[in-house]
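Residue numbers (full-length UniProt numbering): 1 to 293.
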């Protein structure tokens, strides 16, 4: 959005609630950031997320801060982005919202952010991070939460992302009766439908996620579903799936209760360790059986 607006706006304001963590697209070895995850590293994260999740979150946050600092060592304090260094792969992510002036715009983002494209615009001053919007106070004026008023705002554009929903399905098959709430899905894939034939023949991909490893998890969901439909990987009984779903809701509630930063929660997230193990077993990839320590 920032790069697109560069030729049409004289100034862009990025209004954020609690900051963001800027990350590079590529690591030191030239690999993309989300692909620079070894198998051993993934196993270690899986183990820690199950047995010592608090310590894992602390370590994960430290790693993220280190990567961000090395890639972008000269971030001015005036940008107010430092709060976002408290990043947890399981906790609610701080919300970042932005708007730009003189063809100036408003849109939503979540941290952490791959910043290779946006950073040059921040560095040049074209895009300026500011505190969140409190209210619109005039035809071209916006008041921020820190009391500052911007007098030259011509346009606000809201890019709010999307909801996990399938509105084209009938009510009987729709796993998301309330948009924005947790879908009625086992592992975020299998519908919790009373008819066993429906549970065994209907699946939803892309409705759930774990932070890591990012590149292949959607493909592994498809692999898991194909194995179920081929009759090679059975799904649990209805009561067991409902029990998992209740545990998912409790896990989310506990995370929200512990999170003190005003922010947003990704409705798609499930517990990392259990989800990776389930995908591995159901898809028949055998990673944990053949490669884990």
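Even for Gly, the Cβ is constructed at its ideal location relative to N, Cα and C.
Asked	Found
Cα-Cα separation, residue 167 to residue 207	13 Å
Contact check, residue 128 vs residue 135, beta carbons under 8 Å	no
Inter-residue spacing [alpha-carbon to alpha-carbon] between residue 51 and residue 272	11 Å
Validate contact between the stretch 188 to 200 and the stretch 249 to 260 using beta carbons, cut 8 Å, 3 pairs	no
Where residue 233 falls: helix, strand or coil (DSSP)	coil
contact_flag[the stretch 66 to 73, the stretch 282 to 289] where n(CB pairs < 8 Å) is 3 or more	no
Residue 56 and residue 49 closer than 8 Å at C-beta	yes
Cβ contact check for the stretch 113 to 132 and the stretch 17 to 34: 3 or more pairs under 8 Å	yes
Reduced DSSP category for residue 16 - H, G, I as helix; E, B as strand; rest coil	strand
Span of the alpha helix (DSSP H), counted from its first residue to its last, around residue 295	Absent from the model: residue 295. The displayed extent of the chain is 1 to 293, so no value can be given.
Runs of beta strand (DSSP E) lying entirely within the stretch 128 to 163, each at least 3 residues, in chain order	133 to 138 and 141 to 144
Other residues of its chain near residue 251: CB distance less than 7 Å, five sequence neighbours each side excluded	271
Rounded separation between residue 156 and residue 9 - CA only	12 Å
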